[in-house]
Amino acid sequence: MSKKLYIARSRRIAARKLGEEMLIMAAHGSTLFTLNPTATILWQAADGATPLDELVERRICTEFQVEFEDAMRDAEALAEDLARHGILLLSDEPITNAGLALQETR
Amino acid sequence: MPGLAAPVDRYSVVIAIGGVSIRVHTADSDFLAILQRRYAGFLGGDPQAEFDFDVELGIPPFSTPLPEVSVTHRAGRWFMEREDFRAEWDPAARRGSIQQSANPYSIDAFLRIVHTLVLAKLGGFLLHSASAVRNGKAFLFAGESGAGKTTISRLAPPDVTLLTDEMSYIRQRDDAYVAFGTPFTGELVQAGENTSAPVAALYLLHQGPENRIERLAIAEAGRGLLANILFFAEDPELVHSMFRAGCDFVGRVPVYKLTFMPDARVWEMIQ
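Top to bottom, those sequences are chains A and B. Taken in order, the first sequence gives residues 4 to 109; the numbers are from my numbering. Taken in order, the second sequence gives residues 179 to 449; the numbers are from my numbering.
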């Protein structure tokens with residue numbers, strides 16, 4: 004059985020949903036990112052406590068009607084990509100709330 | 179017995195941009211004259227300047243010259259470096275210093291950085307854009323180098339007051355945004371007028387075969403604005419403030435894509 008993967012939003016970013024797009028700015032270099040709808044769902048749900056496979060099953064598979072294995076493979080790749088840019092934190096253990104960024108709600 | 183050291187004359191000048199006044203001190207009268215020429219129109223006599231900076235002229239003692247600007251925050255102080263200057267600033271003490279040679283470009287870059295830091299706390303920002311006032315309203319024209327900021331500034335008719343051809347100064351006032359004139363110049367090499375007006379619109383510039391204006395959806399507007407905000411500090415709190423200011427701005431000010439030909443008719447569309 005593979006290890007669980009947990010994801011949490013980094014505190015070193017600022018984020019806001021404008022229209023249908025999630026805009027994220029990383030503190031490092033003030034780099035701006037735009038998330039697609041799938042990435043937005045994962046990013047919003049990244050609470051550090053829920054394993055990634057549960058997020059994919061509950062949020063992605065139901066929303067987009069895709070097979071779990073395909074969605075999970077894409078989600079892991081996405082999570083690693085976002086982690087490389089400092090947008091997400093990744094861990095094989097739950098991540099405490101201290102690591103979570105607040106998403107602006109306007 | 180004669181004194182071992184003669185007193186050094188100190189000169190100072192207050193440079194007030196966007197309602198933020200900064201007093202610069204120097205012991206060099208020639209450098210003072212450089213500042214007075216460079217910032218003519220933005221010199222204030224306010225004895226209560228918000229910040230004081232001492233300029234120490236000379237070659238900054240760098241171990242490794244930095245071609246890019248570095249702006250870092252440690253122990254409550256800001257440290258700024260580029261290959262031609264080194265500066266530090268203690269915002270709580272409202273005092274700082276800059277080491278540079280006697281030229282107007284280093285201190286100009288330094289002042290831009292300081293204003294980005296000040297504005298981030300105030301819900302404002304510096305924007306890579308020309309700006310101008312017409313009929314009591316300010317219009318911003320943003321874009322990377324070559325997008326047409328200087329061109330549209332040159333094409334402005336006589337009833338337009340140019341605030342800047344390069345770097346717009348935006349502050350929040352109540353639920354609106356106000357653009358201020360700046361001495362920060364681009365290719366036009368002409369300081370803007372030291373005046374201000376509420377921002378009516380932001381145009382993202384594109385040169386093309388016709389004059390056309392298209393209103394942008396808020397996400398595209400946000401991306402376009404944020405890509406043109408001048409910001410250097412790698413500080414999460416300030417990045418968050420600047421990001422929030424940009425998002426709030428596009429929620430309140432209409433943003434358009436302005437495609438234009440390089441002739442004066444484009445200004446018929448800017449009212």
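Ideal Cβ positions, reconstructed from N, Cα and C, are used throughout, including at glycine. In this text, all values refer to a predicted model and were calculated from it rather than measured experimentally.
Reduced DSSP secondary structure (H/G/I, E/B, other) of residue i
{"i": "A:Ile63", "result": "helix"}
{"i": "B:Met420", "result": "helix"}
{"i": "B:Thr437", "result": "strand"}
{"i": "A:Lys20", "result": "strand"}
{"i": "A:Gly89", "result": "coil"}
{"i": "A:Leu38", "result": "strand"}
{"i": "A:Thr99", "result": "coil"}
{"i": "B:Glu234", "result": "strand"}
{"i": "A:Phe71", "result": "helix"}
{"i": "B:Val444", "result": "helix"}
{"i": "B:Gly197", "result": "coil"}
{"i": "B:Ser331", "result": "helix"}
{"i": "B:Val428", "result": "helix"}
{"i": "A:Gly32", "result": "helix"}
{"i": "A:Ser13", "result": "coil"}
{"i": "B:Ala310", "result": "strand"}
{"i": "B:Ala205", "result": "coil"}
{"i": "A:Leu58", "result": "helix"}
{"i": "A:Asp50", "result": "strand"}
{"i": "B:Ala320", "result": "strand"}
{"i": "A:Ser94", "result": "strand"}
{"i": "B:Leu213", "result": "helix"}
{"i": "A:Leu8", "result": "coil"}
Cβ neighbour criterion (16 or more within 10 Å) applied to residue i
{"i": "B:Ala354", "result": "exposed"}
{"i": "B:Lys327", "result": "buried"}
{"i": "B:Thr294", "result": "buried"}
{"i": "A:Glu71", "result": "Correcting the residue identity first, residue 71 of chain A is Phe in this sequence and not Glu. The residue in question, A:Phe71, is exposed, as its Cβ has fewer than 16 Cβ neighbours within 10 Å."}
{"i": "B:Ile237", "result": "exposed"}
{"i": "B:Tyr217", "result": "buried"}
{"i": "A:Lys6", "result": "exposed"}
{"i": "B:Pro361", "result": "buried"}
{"i": "B:Asp337", "result": "exposed"}
{"i": "B:Gly254", "result": "exposed"}
Contacts of residue i in chain D (Cβ-Cβ under 7 Å)
{"i": "A:Glu24", "result": "Absent here is chain D; the protein component of the structure consists of chains A and B."}
Alpha helix (DSSP H) runs wholly inside the stretch 335–417 of chain B, at least 4 long, in chain order: Qualifying alpha helix (DSSP H) stretches, in chain order: 396–404.
Count the CB pairs spanning the stretch 218–230 of chain B and the stretch 191–204 of chain B that are closer than 8 Å, and state whether there are at least three. Counting Cβ pairs under 8 Å, three or more are found: they touch.
Which of the residues in the stretch 385–412 of chain B, read from start to end, lie with their CB under 7 Å from any CB of chain A? Of all residues in the stretch 385–412 of chain B, those with a C-beta nearer than 7 Å to a C-beta of chain A are Ala395, Ile396, Ala397, Gly400, Arg401, Leu404, Ala405, Phe409 and Glu412, reading in chain order.
On the three-pair Cβ rule with 8 Å, is the stretch 374–391 of chain B touching the stretch 345–361 of chain B? Counting C-beta pairs closer than 8 Å gives three or more between the stretch 374–391 of chain B and the stretch 345–361 of chain B, which meets the contact rule.
Run through the stretch 253–303 of chain B for me and flag every whole alpha helix (DSSP H) of 4 or more residues, listed as ranges in chain order. The stretch 253–303 of chain B contains these whole alpha helix (DSSP H) runs: 282–300.
Within 8 Å, do at least three Cβ pairs link the stretch 398–409 of chain B to the stretch 421–434 of chain B? Contact holds: three or more Cβ-Cβ distances are below 8 Å.
Inter-stretch contact (C-beta, 8 Å, three-pair minimum) for the stretch 264–280 of chain B and the stretch 336–343 of chain B: For the pair of segments examined, the stretch 264–280 of chain B was found not to touch the stretch 336–343 of chain B: the number of CB pairs separated by less than 8 Å stays below three.
Taking 8 Å as the threshold, find out whether the stretch 380–392 of chain B comes into contact with the stretch 284–300 of chain B through three or more Cβ pairs. No: the two stretches stay apart, fewer than three of their Cβ pairs being nearer than 8 Å.
Cβ-based contacts, 9 Å cut-off: residues of the stretch 30–49 of chain A near chain B: Result list: Ala30, His31, Gly32, Ser33, Leu35 and Thr37.
Three or more C-beta pairs under 8 Å: does that hold for the stretch 248–264 of chain B against the stretch 310–321 of chain B? Because the criterion of three Cβ pairs below 8 Å is not met, the stretch 248–264 of chain B and the stretch 310–321 of chain B do not touch.
Validate contact between the stretch 354–371 of chain B and the stretch 392–402 of chain B using beta carbons, cut 8 Å, 3 pairs: Three or more Cβ pairs closer than 8 Å define a contact, and the stretch 354–371 of chain B falls short of that threshold against the stretch 392–402 of chain B.
Return the residues of the stretch 69–101 of chain A that lie within a Cβ-Cβ distance of less than 8 Å from chain B, sorted by chain order. If the cut-off is 8 Å between Cβ atoms, the stretch 69–101 of chain A has nothing near chain B.
Check whether the stretch 31–43 of chain A and the stretch 431–442 of chain B are in contact - that is, three or more C-beta pairs closer than 8 Å. Between the stretch 31–43 of chain A and the stretch 431–442 of chain B there are fewer than three inter-stretch CB-CB distances shorter than 8 Å, so the stretches are not counted as touching.
Short-range partners of chain B found in the stretch 9–22 of chain A, where Cβ spacing is below 7 Å: Arg14, Arg15, Ala17, Arg19, Leu21 and Gly22: these are the residues of the stretch 9–22 of chain A whose beta carbon lies less than 7 Å from some beta carbon of chain B, given in chain order.
If you measure beta-carbon to beta-carbon, which residues of the stretch 413–425 of chain B are closer than 8 Å to chain A? Result list: Asp413, Pro414, Val417, His418, Met420, Phe421, Arg422 and Cys425.
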